[in-house]
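Be aware that the sequence shown starts at 71, since it is given in our numbering, and climbs by one per residue. Virtual Cβ for every residue (Gly too), placed ideally from N, Cα, C. Since we're looking at a predicted model, the values are computed, not measured.
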Amino acid sequence: FADLYDWAGELRPVGISKDQTHFCVTHRIEPEANKLFKALADANWFQELDRGALIAASAELFGDLNVVHPFREGNGRAQRILFEHLIVNAGFEISWWPVEAEEWIRANVDAVGCDYEGLVRVFERCVGGAIGVAAD
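Here's what the structure looks like:
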């Protein structure tokens, strides 16, 4: 977004919301993101998880990071790229194609209230098999 916005890549200095969902207040963005990334590092970046545990952990972290919503624009795209790297580095395939926009939105809205089931269902369809392992 650097070609579109002067503020691209910078933490947002203003409060934002979408419909009834209010995202993290600006003075808590950095501390909350640091807390989540520390937990991710402590979990070894999900690299030692089996598929089921990876799906559950990814769903929860994705939902929590979405609430932080550190940028004015591009949060969802940035998160999906981050999770592509996490999941591939954990040894699994990932594709976002199986998810419809409405389901994606609903799952993220539900996660604001710590209901991660919708995101778990999304990640169950998006996370494929282990990389380099032939399907049965």
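By alpha-carbon distance to R191, the top candidate from I151, F132, V158, A72 is F132. One thing to note: I151 has its Cβ no nearer than 8 Å to the Cβ of V197. It is roughly 8 Å from the alpha-carbon of W115 to the alpha-carbon of A160.
Comparing alpha-carbon positions, the option among E130, V138, I201, I125 lying closest to R195 turns out to be I125. When DSSP assignments are scanned along the segment 122-199, the uninterrupted stretches of alpha helix (DSSP H) that are 4 or more residues long and fall wholly within it turn out to be 145-159, 171-182, 187-196. For A111, the enclosing alpha helix (DSSP H) starts and ends at 99-112. Under the 10 Å beta carbon count, G202 is surrounded by fewer than 16 other beta carbons and is classified as exposed. Setting aside the 5 residues that flank it on each side, E130 is surrounded in the same chain by Y186, each with a C-beta closer than 7 Å to its C-beta; the list follows chain order.
Rounded to whole angstroms, I175 and V182 show a C-alpha spacing of 11 Å. Scanning S128, E143, G85 for the CA closest to the CA of D73 turns up E143.
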